[in-house]
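Residue numbers (my numbering), protein chains in the order written: chain C, 1 to 114; chain H, 1 to 112.
We treat Cβ as the ideally placed atom computed from N, Cα and C, and that holds for glycine.
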Amino acid sequence: DAGVIQSPRHEVTEMGQEVTLRCKPISGHDYLFWYRQTMMRGLELLIYFNNNVPIDDSGMPEDRFSAKMPNASFSTLKIQPSEPRDSAVYFCASSLGLAGGQRYFGPGTRLTVT
Amino acid sequence: QKEVEQNSGPLSVPEGAIASLNCTYSDRGSQSFFWYRQYSGKSPELIMSIYSNGDKEDGRFTAQLNKASQYVSLLIRDSQPSDSATYLCAVRDGGSNYKLTFGKGTLLTVNP
Numbered sequence: 001d002a003g004v005i006q007s008p009r010h011e012v013t014e015m016g017q018e019v020t021l022r023c024k025p026i027s028g029h030d031y032l033f034w035y036r037q038t039m040m041r042g043l044e045l046l047i048y049f050n051n052n053v054p055i056d057d058s059g060m061p062e063d064r065f066s067a068k069m070p071n072a073s074f075s076t077l078k079i080q081p082s083e084p085r086d087s088a089v090y091f092c093a094s095s096l097g098l099a100g101g102q103r104y105f106g107p108g109t110r111l112t113v114t
Numbered sequence: 001q002k003e004v005e006q007n008s009g010p011l012s013v014p015e016g017a018i019a020s021l022n023c024t025y026s027d028r029g030s031q032s033f034f035w036y037r038q039y040s041g042k043s044p045e046l047i048m049s050i051y052s053n054g055d056k057e058d059g060r061f062t063a064q065l066n067k068a069s070q071y072v073s074l075l076i077r078d079s080q081p082s083d084s085a086t087y088l089c090a091v092r093d094g095g096s097n098y099k100l101t102f103g104k105g106t107l108l109t110v111n112p
């Protein structure tokens with residue numbers, strides 16, 4: 001299996017611009033998670049989906065952030081407008097069920113907002 | 001706010017030594033605990049899970065859990081330079097079947 005695929009791997013944008021991060025989960029996995037990692041706050045859960053349906057978005061920092069999962073093989077995380085404090089590494093992860101705490105993480109997208 | 005605390009390190013040990021990584025958590029209802037390893041510039045990967053008080057061994061790795069003290073540890077025996085990474089402690093929130101709260105991680109450096 002190819003693992004979780006994320007694109008782009010690096011994104012540099014200016015404050016105020018729209019940013020879209022993309023994720024393809026492992027085929028057959030029914031859960032998809034979006035995490036953000038910073039030195040200050042560590043790894044934080046933003047939102048998760050079960051069978052393409054958003055279940056809990058309480059970790060989404062504010063209305064500037066939105067996430068969609070139109071089908072089982074694709075999800076997006078959008079930030080509009082972006083701000084410098086959004087600079088972080090954004091990870092997508094997927095899992096088959098929730099037992100065991102196993103999350104298969106993608107390589108991440110390093111976002112820099114100037 | 002449920003918290004998972006780890007010393008940020010760096011923890012430096014010589015090759016062949018035992019590395020001891022520690023983690024405390026605030027949620028007394030937590031029942032499931034995990035250790036993830038993250039190499040620099042890479043994504044986290046699960047290396048150990050533990051659910052019951054006591055020790056759980058897997059190769060050179062031993063996870064230890066003490067729920068009364070709200071304490072989890074990871075021991076790495078015969079440390080190798082390839083073990084150099086950041087180790088993240090993750091705790092499943094009590095009452096939740098999905099939410100993991102991660103610590104900020106401890107950076108381990110194994111010196112040849």
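Look at phenylalanine 91 of chain C: its C-beta is under 7 Å from a C-beta on chain H. Closest by C-alpha distance to isoleucine 76 of chain H, out of H:Lys104, H:Asp55, H:Tyr51 and H:Ser30, is H:Asp55. Look at serine 73 of chain H here: in three-state DSSP terms it is strand.
Residue environment: glutamine 37 of chain C is assigned as buried (16 or more neighbouring CB atoms within 10 Å of its CB, all protein chains considered).
Ranked by Cα distance from methionine 69 of chain C, the first of C:Thr114, C:Cys23 and C:Val12 is C:Cys23. Under the three-state reduction of DSSP output, arginine 92 of chain H falls in the strand class.
Taken in chain order, the unbroken stretches of beta strand (DSSP E) that lie wholly in the stretch 39-92 of chain C and span 3 residues or more are 42-50, 53-56, 65-71 and 74-79.
For the pair glutamine 6 of chain C and glycine 101 of chain C, the CB atoms are not nearer than the 7 Å cut-off. Judged by DSSP in its simplified three-state form, alanine 68 of chain H adopts coil rather than helix or strand. Looking only at H:Tyr87, H:Pro81, H:Gly95 and H:Thr109, the smallest Cα-Cα distance to leucine 43 of chain C is reached by H:Tyr87.
Only buried fits aspartate 86 of chain C, as 16 or more other CB atoms lie within 10 angstroms of its CB. In terms of beta-carbon proximity, phenylalanine 105 of chain C lines the interface with chain H, with at least one pair separated by less than 7 Å. With contacts defined as CB atoms closer than 7 Å, valine 4 of chain C and proline 25 of chain C qualify as a contacting pair. Chain H has a Cβ within less than 7 Å of the Cβ of glycine 42 of chain C. Going by beta carbons, phenylalanine 33 of chain C and tyrosine 48 of chain C fall inside the 7 Å limit.
Counting only Cβ-Cβ distances below 9 Å, tyrosine 39 of chain H has no contacts in chain C at all, with the closest Cβ about 11 Å away. When C-beta atoms of the stretch 41-59 of chain H are compared with those of the stretch 15-26 of chain H, fewer than three pairs fall below 8 Å, so the two segments do not count as touching.
For the stretch 84-105 of chain H, the set of residues with a beta-carbon nearer than 8 Å to any beta-carbon of chain C comprises Leu88, Ala90, Arg92, Asn97, Tyr98, Lys99, Leu100, Phe102, Gly103, Lys104 and Gly105, in chain order. Of all residues in the stretch 43-63 of chain H, only Ser43, Pro44, Glu45, Leu46 and Ser49 come within less than 8 Å of chain C when Cβ atoms are compared, listed by chain position. Apart from the 5 residues on each side of it in sequence, leucine 45 of chain C sits with its Cβ closer than 7 Å to the Cβ of Phe33, Tyr35 and Gly59 in its chain, given in chain order.
Annotated three-state conformation of proline 14 of chain H is strand, per DSSP. Short of 8 Å from the beta carbon of alanine 90 of chain H, and not among the five residues preceding or following it, lie these beta carbons of its own chain, in chain order: Val4, Phe33, Phe34, Trp35, Tyr36, Leu100, Thr101, Phe102 and Gly103. Residues of chain C whose Cβ lies closer than 9 Å to the Cβ of serine 73 of chain H do not exist, since the nearest Cβ in that chain is about 17 Å away.
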